[in-house]
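K.L.:
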Amino acid sequence: MVEPGSTESERVMHIKLNTDLGPTNLLSVYAPTLTSSTDAKDTFYSQLDDAIKHIPSNEVLILLGDFNARVGNDQGSWPDCLGHFGVGKCNENGQRLLELCTYHHLCITNTFFGVKLHHSPKLGDCLELNTEDHWSHIKDKTLAAALKAFGRNVRKSQDWFNTHIVTLQPLIEAKRNALQNYQRNPSPSSMEALREARHRVNEKCNICANNFWMNLCAEIQSAADTGNSRGMSEGMKKAIETYTVQVLTTQNIYWSEAFDINSGVKQGCVLAPTLFNIFFSLLLNHAFESSEEGILIRSRSDGKLFHPARLRAKTKARKVAIRDLLFADDVALVAHSAEKLQLLLNQFSDACEAVRLTSSLEKTKVMSQDNAATPAVTIEDYILEAVTQFTYLGCTTSNNNYFELEIGKRIGKAATNMAKLSTRVWENKKLTTQTKVAVYRACIVSTLIFGSQSWITYASQEKRLNIFHMRCLRRILSISWTDKVSNNEVLARSNIPSSFTLVRQRRLRWLGDAYRMEDG
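Here the UniProt record's numbering is used: the first residue of the sequence shown is 1, the next is one more, and so on.
Here's what the structure looks like:
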């Protein structure tokens, strides 16, 4: 049955269908074009947001229409609403649509599956389309190899079950008899008897499991309080079981025999970071002891840094050769040309081989700037993949310094976090505005401007960040576009500065840290 439709506005129409599976709501929309004014877009998305909010969460919602948007294919930044089959590059309307879908837990369905070839914007060369045969072949081969290598998983009984088997066995037998009785004679009375038997088994299992773990934890705590390391160790082994670690190494295509690990530093040991830093420093000194490659930078710390003549001074200017950039167990090598980079990689690879250290070739990438030809850089005859962008320490770097990509990823990750907290925080009437803003600062702002200390942005890019920032604050304060509240008033009510100010504060804070650093 179809209920009478309602028109939220000239661009949004709502129809409700009462089906056998429950109410289904259809929203048909027509969004402003990309060239429309910002006010028109804000009005439309505010009306659409209100229409979605008035639909109960337990009812089905299908959003249909022409959004005049291109959402792109950056699934990593919008994992909750965008699939792996997006096309093109995201535009302004696409970002608005992604934010709306993320906040209301909607997904853009036509990006989650591949379409027919004649509907696809890109046609691949495919001479044969016997997909079922190919899939059956891959499935059979994969399953056979997995069974041969790993075998079938055998479900093991838990310790608490074996401990209380005498108590549980009669209840399990009673449940099994009730089930057989119901299968032979289905009736309401036999079903009720089966339910009671299942309830007794589940209740007793919960009691036994809880008692087992409470007693085990009490034993471990008692051993720890009395300094009984042997008892604590035995209790921990009983709790997490005992695992034997063995390692297989590969040389070309041949696997070695499995061997045990009998020495080493445990994970979490306080000595591990120090020992690793000492080891890696010795490795780099051995690799680049006689190397003069790298990028030469001139600097001086007595002021007027951007005066070219002062940087050419022979006495006060300091030359610094940047060759390797380190963070934990990651290293980035830099050079002026592919040939010099190849030389650095050869030296680094030889040093790693000397200490039996292996580099992950699949994770090692090469990125070049102002280079028309793709650089061919190798490690042990393995050609490294040349990329145009790379994510390192949470920030995305591109070979042409195109910063729009990083801005889009920051907004996407922040919008995802914003949507995850919508029910528990933003729409929670028990929390004060001050608490909500504090959560917003910690969870959303920190994600939005992560790494902004080193950003080199244009005014248009900073404006994109501030638009998203203001949109989030208006949602937290429940300020609609019809309230006609200015951005300055929103910032004053929330007691938080604009994103322009937040980014500048981080830059100044980092500049102060750099200024207080010692030379060298």
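Where is the CB? At the ideal position from N, CA and C, for every residue including glycine. These numbers come from a predicted model, not from an experiment.
Alpha carbon to alpha carbon, how far is T423 from L477? Give it in angstroms, no decimals.
P.N.:
One-based indexing of the sequence shown puts residue 477 at position 477. One-based indexing of the sequence shown puts residue 423 at position 423. In a straight line, the C-alpha of L477 is about 14 Å away from that of T423.
K.L.:
Just confirm the distance between the C-beta atoms of T38 and N68, as a whole number of angstroms; I'd bet it's less than 8 Å.
P.N.:
Position 38 of the sequence shown, counted from the start, is the residue given in the question as residue 38. Position 68 of the sequence shown, counted from the start, is the residue given in the question as residue 68. With 8 Å as the limit, T38 and N68 do not qualify as a contact, their Cβ atoms being about 14 Å apart.
K.L.:
Checking 8 Å against the spacing of the C-beta atoms, do I411 and Q169 come in under that value?
P.N.:
Position 411 of the sequence shown, counted from the first residue, corresponds to residue 411. Position 169 of the sequence shown, counted from the first residue, corresponds to residue 169. Not closer than 8 Å, so no.
K.L.:
Determine, using beta carbons only, whether M517 and V490 come nearer to each other than 8 Å.
P.N.:
Translated into the one-based positions of the sequence shown, residue 517 becomes position 517. Translated into the one-based positions of the sequence shown, residue 490 becomes position 490. Going by C-beta atoms, M517 is not nearer than 8 Å to V490.
K.L.:
Among Y402, T43, S359, which residue has its Cα nearest to the Cα of L384?
P.N.:
Here residue 384 refers to the residue found at position 384 when the sequence shown is read from its first residue. Cα-wise, what sits closest to L384 is S359.
K.L.:
For Q221, is the classification buried or exposed, using 16 other Cβ atoms within 10 angstroms of its Cβ as the cut-off for buried?
P.N.:
As a working note, residue 221 is residue 221 in the sequence shown. Burial call: exposed.
K.L.:
Count the other C-beta atoms from every protein chain shown that fall within 10 angstroms of the C-beta of L440, then say buried if there are 16 or more, exposed otherwise.
P.N.:
For this step, residue 440 is matched to residue 440 along the sequence shown. Reading off the sequence shown, one finds Tyr at residue 440, where the question assumed Leu. By the neighbour-count rule (16 or more Cβ atoms within 10 Å), Y440 is buried.
K.L.:
Please report whether the beta-carbon of Y402 lies at a distance below 8 Å from any beta-carbon of chain B.
P.N.:
Absent from the structure is chain B; it holds one protein chain and no more.
K.L.:
Residues bridged to M13 by DSSP?
P.N.:
As a working mapping, residue 13 is identified with position 13 in the sequence shown. T7, S28.
K.L.:
Between the stretch 18 to 31 and the stretch 55 to 63, are three or more C-beta pairs nearer than 8 Å?
P.N.:
yes
K.L.:
How is the beta strand (DSSP E) around F276 delimited, first residue to last?
P.N.:
Taking the first residue of the sequence shown as 1, we reach residue 276 at position 276. From DSSP, F276 is part of no beta strand (DSSP E) but of the alpha helix (DSSP H) over 271 to 287.
K.L.:
Taking C-beta to C-beta, are A338 and P375 nearer than 8 Å?
P.N.:
Taking the first residue of the sequence shown as 1, we reach residue 338 at position 338. Taking the first residue of the sequence shown as 1, we reach residue 375 at position 375. Cβ distance < 8 Å, so A338 and P375 count as in contact.
K.L.:
Run through DSSP, which three-state label would E406 get?
P.N.:
Numbered from its first residue, the sequence shown carries residue 406 at position 406. Residue state, collapsed to three classes: helix.
K.L.:
Skipping 5 residues on each side, what residues in its chain have a beta carbon closer than 6 Å to that of T364?
P.N.:
By one-based count along the sequence shown, residue 364 stands at place 364. Within the same chain, T364 has close Cβ partners L384.
K.L.:
Kindly indicate which three-state DSSP category C205 falls into: helix, strand or coil?
P.N.:
Position 205 of the sequence shown, counted from the start, is the residue given in the question as residue 205. Correct three-state label for C205: helix.
K.L.:
Give me the DSSP bridge partner(s) of P63.
P.N.:
Within the sequence shown, the letter at position 63 stands for residue 63. At residue 63 the sequence reads Leu, which differs from the Pro that was named. Bridge partners of L63: L27.
K.L.:
Between the beta-carbon of L82 and the beta-carbon of I55, is there less than 8 Å?
P.N.:
Looking up residue 82 in the sequence shown gives position 82. Looking up residue 55 in the sequence shown gives position 55. Cβ distance not < 8 Å, so L82 and I55 don't count as in contact.
K.L.:
Taking residue 528 as the reference, which of W481, N495, C395 has the closest Cα?
P.N.:
Coverage of the chain is limited to positions 1 through 520, which leaves residue 528 absent and any answer about it impossible.
K.L.:
Assuming C395 is part of the beta strand (DSSP E), what are its boundary residues?
P.N.:
Your numbering for residue 395 matches position 395 in the sequence shown. Residues 395 to 398.
K.L.:
May I ask you to report which of helix, strand or coil DSSP gives D330?
P.N.:
Here the question's residue 330 lines up with position 330 in the sequence shown. D330: strand per DSSP, three-state reduction.
K.L.:
Are the stretch 315 to 330 and the stretch 283 to 298 touching by the rule of at least three beta carbon pairs closer than 8 Å?
P.N.:
With a cut-off of 8 Å, the stretch 283 to 298 and the stretch 315 to 330 count as touching, because enough Cβ pairs lie within range.
K.L.:
Start and end of the alpha helix (DSSP H) containing R184?
P.N.:
Reading the sequence shown from its first residue, position 184 is the one you call residue 184. DSSP places R184 in the uninterrupted alpha helix (DSSP H) bounded by 165 to 184.
K.L.:
Do L345 and L333 come within 8 Å of each other at the CB atom, strictly closer than that value?
P.N.:
To locate residue 333, count along the sequence shown from 1; it is residue 333. To locate residue 345, count along the sequence shown from 1; it is residue 345. For L333 and L345, yes; Cβs fall inside 8 Å.
K.L.:
Determine the closest residue to N400 out of Y382, M367, E380, A414, with distance taken between C-alpha atoms.
P.N.:
Here the question's residue 400 lines up with position 400 in the sequence shown. The residue with the shortest Cα to Cα distance from N400 is M367.
K.L.:
Taking 8 Å as the threshold (C-beta atoms), are A31 and D66 in contact?
P.N.:
In the sequence shown, residue 66 corresponds to position 66, counting from 1. In the sequence shown, residue 31 corresponds to position 31, counting from 1. For D66 and A31, yes; Cβs fall inside 8 Å.
K.L.:
Taking 8 Å as the threshold (C-beta atoms), are R464 and I407 in contact?
P.N.:
Taking the first residue of the sequence shown as position 1, residue 407 is located at position 407. Taking the first residue of the sequence shown as position 1, residue 464 is located at position 464. Yes. Within cutoff.
K.L.:
Which term fits F468, buried or exposed, when burial requires 16 or more other beta carbons within 10 angstroms of its beta carbon?
P.N.:
Indexing the sequence shown from 1 puts residue 468 at position 468. Label assigned to F468: buried.
K.L.:
Is the stretch 88 to 102 in contact with the stretch 427 to 446, if contact means three or more CB pairs nearer than 8 Å?
P.N.:
no
K.L.:
Between which two residues does the beta strand (DSSP E) carrying R298 extend?
P.N.:
Along the sequence shown, read from residue 1 onward, the residue named residue 298 stands at position 298. Looking at the DSSP string, the run of the beta strand (DSSP E) that includes R298 is 295 to 299.
K.L.:
Could you check which residue in N181, V71, F113, G114 has the C-alpha nearest to that of C101?
P.N.:
The count along the sequence shown starts at 1 and reaches residue 101 at position 101. Measuring from the Cα of C101, the nearest candidate turns out to be V71.
K.L.:
Nearest-angstrom Cα distance between V331 and L508?
P.N.:
Translated into the one-based positions of the sequence shown, residue 331 becomes position 331. Translated into the one-based positions of the sequence shown, residue 508 becomes position 508. Straight-line Cα distance between these residues: approximately 27 Å.
K.L.:
Quick one: Cα of L284 to Cα of K420, how far?
P.N.:
As a first step, residue 284 is located in the sequence shown; it is residue number 284 there, counting from the start. As a first step, residue 420 is located in the sequence shown; it is residue number 420 there, counting from the start. Each residue's Cα considered, the two are about 43 Å apart.
K.L.:
Mapping DSSP to helix, strand and coil, what is residue 554?
P.N.:
The first residue shown for the chain is 1 and the last is 520, placing residue 554 beyond what the model contains.
K.L.:
So, with DSSP's three-state summary, where would you put N18?
P.N.:
Within the sequence shown, residue 18 is the residue found at index 18, counting from 1. In this structure, N18 counts as strand in the three-state DSSP scheme.
K.L.:
With 16 other CB atoms within 10 Å as the buried threshold, where does T111 fall?
P.N.:
Taking the sequence shown and counting its residues from 1, the one referred to as residue 111 is at position 111. When all chains shown are included, T111 counts as buried.
K.L.:
Can you pull the DSSP bridge partners for R320?
P.N.:
For the purposes of this step, residue 320 is taken as residue 320 along the sequence shown, with counting starting at 1. With the sequence shown as reference, residue 320 is identified as Val, and Arg is not the correct amino acid for it. Per DSSP, I297.
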